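Below is one structure, written out as structure tokens; comments come after it.
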Amino acid sequence: MSLSADTQAAIAANRFGLGARPGDLEAIGSDARGWLRAQLKGSPPQIAGADLKPSFTTLAEALELRRQIEERKKSGTLDPAMAEEQQQKLGQFVRPVYVSEATARFALAVGTERPFLERLSQFWTNHFAVSIDKQFMPALAGAFEREAIRPNVLGRFADLLLAAESHPAMLMYLDNFISVGPDSQAAQRFERRPNAPHLGINENLAREILELHTLGVGGGYTQADVTTFAQVITGWSIGGNHGRFQSGEPGRFVFRPGLHQPGAKTVLNTRYPDSGYGQGVAVLNDLARHPSTAHFIATKLCRHFIADEPPAAAVNRVAGAFTASEGDLPTVYRTLVETREAWAAPLTKFKTPADYIYSVYRGLALPVEAGKGPLGPFEVLGQRIWQPGSPAGWPDRSADWDGSSALLKRIEWADQTGARLGSRIDAKALGPQLLGENLTDATRTAVSRAVSAEQAVTLLLAAPEFMRR
Amino acid sequence: MASLKRRQFLKLGALAAGGAFLTTRLAFAGNGGPPTRFVLVILRGALDGLAAVPPYADPDYAALRREVALHEPGANGGVLPLNGFFGLHPSFGFLGQAYANRELVVFQAVASPYRERSHFDGQDVLENGSLRPHALQSGWLNRALAHLPGAPAREPGVALGQNVPLVMRGPAEVSSWSPSKMTALDEDTLARLTDLYAHDPLLSVRLADATAADALVAGDSQMTMAAAPAQGAAAYAARYAQLVKAAAGFLRQENGPRVAVFDTTGWDTHANEGGAEGQLAGRLKALDGGLAMLKQELGPVWSQTAVLMVTEFGRTAAVNGTRGTDHGTGTAAFLCGGAVAGGRVIADWPGLSARALYQGRDLNPTLDLRAVFKGILSEHMGVPERALDAEVFPDSGAVRALRGLTHA
């Protein structure tokens, strides 16, 4: 079965992209695949702005602020009321950073001419998720995406992986920055002291790299692999923290040989001689090449771009491209674009709240204003930017998002948007521009019979075909 | 005003009888069916059961827990007394009182059938009710709803939150509800949307469920809809209080849902977990405070209610190198409520010696959580056992229901 050019353009703009803008379907014309492939050419866009600082600057400031608070607490010069105030200071420091970063990201998603690339970038941020419900993360999540994810989305998976796992935000989010080899110099020296607390590994990052970032659960690793891999990456840390974690440039990645578990180690039946920092890099490189990783990444991509339960043939093709190209991401994306199943049926994916908000903003050509105002809908609809709440990232199936309360909130927001802007918008003309032939007769009729221009916009935005991509 | 009369009657009954036992039976008799309520609270992120219910008298406990070990009752920062061997974390003020009032059963060394250490697969097994992750796309609580005795209710269950967690997904129609700051749709727009969704099997059902839930809420002026603050520990407690109030608001309705589910997060304590005070202590305190609020908000309905708190798995028996704990196996669970035959710890204690630990690192589970689920569903909610063994928990014939957990 082959779909009409018009339907293919709608799939390209709405499923692969972030939602059609007026005129987009016409511009895409009859070469939907070509329009997508063209977006993969040239270096990825970078988000810049005077208020968007490098993560090390922000983190160094935040660590210093916390150090001062801790010091004053310890010295007893801080009464409890003041301590509360100081804690708030930390919050007051991180919150504006989050608002600037999230708003800039939202503006890019709404304004970009390369929405397929932007969807892919956000896919990878979600794959390597850090969540802002942990201390410091509101100040780091945006910079993490700008520094570790975006520069690598058109490169090799192995480089993306290393950039993500060695970024201070990740090392902090999954606790590796304070993980200590039990036989490291530091632990040996420290444990001789009387009443010294125990120093050792924290296996959080090692487990999630295996489970969530590379092989996938059931990808062939054991508890012993998790524990040993955690030892491999002991010493991957951040400068400028307190005590034994102080040395190194504040807020930047630092390898601490004194905390590294010495010796050769075996992960997934491969023996890695001890080369300090290089030992972890070697394991990551092998993980990036592992067949389970290819299959896991391909499954997630196909789930995102084809259907909640993606067809095995499509997954195998994308995984094959991943393996054959040694993780060359543009090759993987092009294979995805060529995959027949991605074009076989429209509207198989229920939009996430973020998808929905992007598509409304793009469809109605709404500006993203400065300040925290534009972030409101993400909170109300249940998908605050960079807050998936767990390292697994946001889920990607309809059932995770189509609860009755979630649907009602989406409709209420559509209604509010319609009430606010409807008088300026001709929903009847807009419908075919955004949805092409996916616009149903029922919606067309409902929109044309609406009692007001405002209600017409509400009905268009709440229509079943606008809820899906 | 039938409901008011019934509630007054129950209150008097409870006072006169001095306990929940008689109350529940009277309620049965008065209503022609069990008006019992069940609340499931999922603690996502793997609760450290050895911190929540410390076996302070176990000879290996203190050495494993080092600086975060809790002390015996009466000591500074000591645990709350249970049975001389286990204690409750000092943050559990309300639960400690509930135990003394025989309204709390504490389970220790429990686990779902899942034996790996992925949060996400662990939660999937906990919720889907089968032996394997992703083996079923529906949840055991939803499948049980179809077997509740009496006339089928339109909305037998409600999930507090925007979306429905797996445990409540499935063929039975359930609603989700969360507070909204936005203005409600006008009736005309709602009617037009209902028409527009008529041929969409998913959205038509969801929209109907949403409006039904809103109608229930509109009928209860006590349900608070204030927005929670956005940041920090206060926000965590406030969001949680909001869920609890909403759950109570639904459950105390005469014709409302009998089953409610919600979840809480923040239990994944890999680093700086704390002891009597600290990170975990704060979360436990919020959980405890939420239960106290639930009891208060439910009023007389509390006497017909059982609240079960479970998590996907436990954490390592030993504290790790960063004063936290990593993913483990056996953990604790709590059953609380006016309908609960409490004041007991149920634990076939395996011990914490190196040889007793599961794979040399975790508390060895000795009780399958499905036995607890089955006991509550059959005796408290009236779900037939043959449905439990086959449909609700497939391949669970060998797991016998734990009896006598509630007064029903």
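As given, the protein sequences belong to chains A and B, one line each in that order. The first sequence maps to residues 1244 to 1712 in the working numbering. The second sequence maps to residues 341 to 748 in the working numbering. All C-beta atoms, glycine included, are put in the ideal place defined by N, C-alpha and C. As the structure is a prediction and not an experimental result, all values here were calculated from the model.
The C-beta of Gly1462 (chain A) comes no closer than 8 Å to any C-beta of chain B.
Proximity of chain B to Gln1378 (chain A) at the Cβ level (cut-off 9 Å) is not reached, the minimal Cβ distance being about 10 Å. Secondary structure of Trp1629 (chain A) (DSSP, three-state): coil.
The Cβ atoms of Val1396 (chain A) and Ser1364 (chain A) sit closer than 8 Å to each other. Taking the C-beta atoms as reference points, Pro395 (chain B) is found nearer than 8 Å to Leu692 (chain B).
A contact between stretches requires three or more CB pairs, one per stretch, nearer than 8 Å, and the region 1518 to 1536 of chain A meets this requirement with the region 1454 to 1472 of chain A. By the neighbour-count criterion, in which 16 or more other beta carbons inside 10 Å mark a residue as buried, Arg377 (chain B) falls on the buried side. When Cβ-Cβ separations below 8 Å define contact, Met1413 (chain A) makes no contact with chain B.
At least one CB of chain A lies nearer than 8 Å to the CB of Asp461 (chain B). With a cutoff of 8 Å on beta-carbon distance, Ala392 (chain B) and Ala672 (chain B) are scored as near each other.
Excluding five sequence positions before and after Ala681 (chain B), the CB atoms of its chain that fall closer than 8 Å to its own CB belong to Arg442, Val445, Gly744, Leu745, Thr746 and His747, given in chain order. Using a Cβ-Cβ cut-off of 8 Å, Trp689 (chain B) does not count as an interface residue toward chain A, since no Cβ of chain A sits closer than that to its own. Asp603 (chain B) is bridged by DSSP to B:Ile382. For Phe1548 (chain A), there is no enclosing beta strand (DSSP E); the enclosing alpha helix (DSSP H) covers residues Pro1534 to Phe1548.
Going by DSSP, Gly1385 (chain A) is part of no beta strand (DSSP E) but of the alpha helix (DSSP H) stretching over Met1380 to Phe1387. DSSP, read as helix, strand or coil, puts Trp689 (chain B) in coil. A distance below 6 Å between beta-carbons, with the five flanking residues on each side excluded, links Leu476 (chain B) to the following residues of its chain, in chain order: Asn468 and Ser470. DSSP assignment within the region 472 to 502 of chain B yields the following whole alpha helix (DSSP H) runs of 4 residues or more, N-terminal first: 480 to 485. In this chain, Phe1709 (chain A) is not harboured by any beta strand (DSSP E), its DSSP state being neither H nor E. With a cutoff of 8 Å on beta-carbon distance, Gly668 (chain B) and Asn704 (chain B) are scored as not near each other. For Gln1676 (chain A), the enclosing alpha helix (DSSP H) stretches over residues Ala1670 to Leu1678.
Contacts between Trp1479 (chain A) and chain B, judged by CB atoms closer than 8 Å, are missing: the closest CB pair is about 13 Å apart.
Around Arg1450 (chain A), the beta-carbon contacts reaching into chain B at under 9 Å are Arg457, Ser458, Asp666 and His667.
Judged by their CB atoms, His610 (chain B) and Asn1445 (chain A) are nearer to each other than the 8 Å cut-off. Proximity of chain A to Val504 (chain B) at the Cβ level (cut-off 7 Å) is accounted for by Gly1646, in chain order. Around the beta-carbon of Thr665 (chain B), 16 or more other beta-carbon atoms lie within 10 Å, marking it buried. Residue burial annotation: Arg1667 (chain A) is exposed, with fewer than 16 other C-beta atoms found within 10 angstroms of its C-beta. Distance from the CA of Ala586 (chain B) to the CA of Gln1431 (chain A), rounded to the nearest whole angstrom, comes to 53 Å. Its Cα nearest to that of Gly737 (chain B), the residue B:Lys714 stands out among B:Ala397, B:Lys714 and B:Ala626.
For Thr1470 (chain A), the closest alpha carbon among the candidates B:Gly700, B:Val599 and B:Tyr537 is that of B:Gly700. In the DSSP assignment, Lys1508 (chain A) falls within the beta strand (DSSP E) that extends over Lys1508 to Val1510. In the structure shown, Asp400 (chain B) falls within a coil segment according to DSSP collapsed to helix, strand and coil. DSSP places Val1423 (chain A) in the coil class of the three-state scheme, outside both helix and strand. Closer than 7 Å at the C-beta level to chain A, one finds these residues of the region 604 to 624 of chain B: Thr605, His610 and Ala611. In the DSSP assignment, Gln1431 (chain A) falls within the alpha helix (DSSP H) that extends over Gln1428 to Glu1434. Against chain A, the beta carbon of Arg532 (chain B) has neighbours under 7 Å at Ala1689 and Leu1702, listed in chain order.
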